[in-house]
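**Student:** Before we start, here is the structure in question, set down as structure tokens.
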Amino acid sequence: MKSQILVIFCRGWKASELRLKSWDDLQKLWYVLLKEKNMLMTQRQMLNAQNLQFPNPERIPKVRKSMCRIKHVLTERAIEDPDPRRSAEMKRMINAL
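To convert a position in the sequence shown, counted from 1, into this note's numbering, add 938.
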């Protein structure tokens, strides 16, 4: 009898959850998601080269959406900053992500 393994992947991050995080936490999370995205894209490419199906393809859009939401939340904070210099610097950092 073949056993089946049920694998459950988490949902993406909501903007409301991200707004509760610090600037540093959001930057760390960005890089964690970037590593996850790169790993998934590499895995997908390797499986495609072997004519195998990529399991759980819905993970990639979830990671991408979460990354977009992080940039959105960081941009909101940059716009709300009363200091124009700091706001401009924050925007430059966000655009570099």
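Backbone N, C-alpha and C define an ideal beta-carbon position, used for all residues, glycine too.
Below 7 Å between beta carbons: does that hold for R1007 and L956?
**Tutor:** It is a contact, given that the beta carbons lie within the stated cut-off.
**Student:** Following the continuous alpha helix (DSSP H) through N986, name the residue where it begins and the one where it ends.
**Tutor:** First-last of the alpha helix (DSSP H) with N986: W961 to A987.
**Student:** DSSP on Q999, reduced to helix/strand/coil?
**Tutor:** In the sequence as presented, Gln is not what sits at residue 999; that position holds Pro. Residue state, collapsed to three classes: helix.
**Student:** Evaluate contact between the segment 959-974 and the segment 995-1015, counting only Cβ atoms and requiring at least three cross-stretch pairs below 8 Å.
**Tutor:** Because the criterion of three Cβ pairs below 8 Å is met, the segment 959-974 and the segment 995-1015 touch.
**Student:** Where does K1009 fall in DSSP's three states?
**Tutor:** In the structure shown, K1009 sits in a helix (DSSP, three-state: H, G or I).
**Student:** Which of the three DSSP states, helix, strand or coil, is assigned to K1029?
**Tutor:** Correct three-state label for K1029: helix.
**Student:** Could you give the first and the last residue of the continuous alpha helix (DSSP H) run that contains L956?
**Tutor:** From DSSP, the alpha helix (DSSP H) with L956 extends over A953 to L956.
**Student:** Smallest Cα separation from H1010: which of W961, C948 and R949?
**Tutor:** Comparing Cα positions, the closest option is W961.
**Student:** Which term fits L985, buried or exposed, when burial requires 16 or more other beta carbons within 10 angstroms of its beta carbon?
**Tutor:** L985 is exposed by the Cβ-count criterion.
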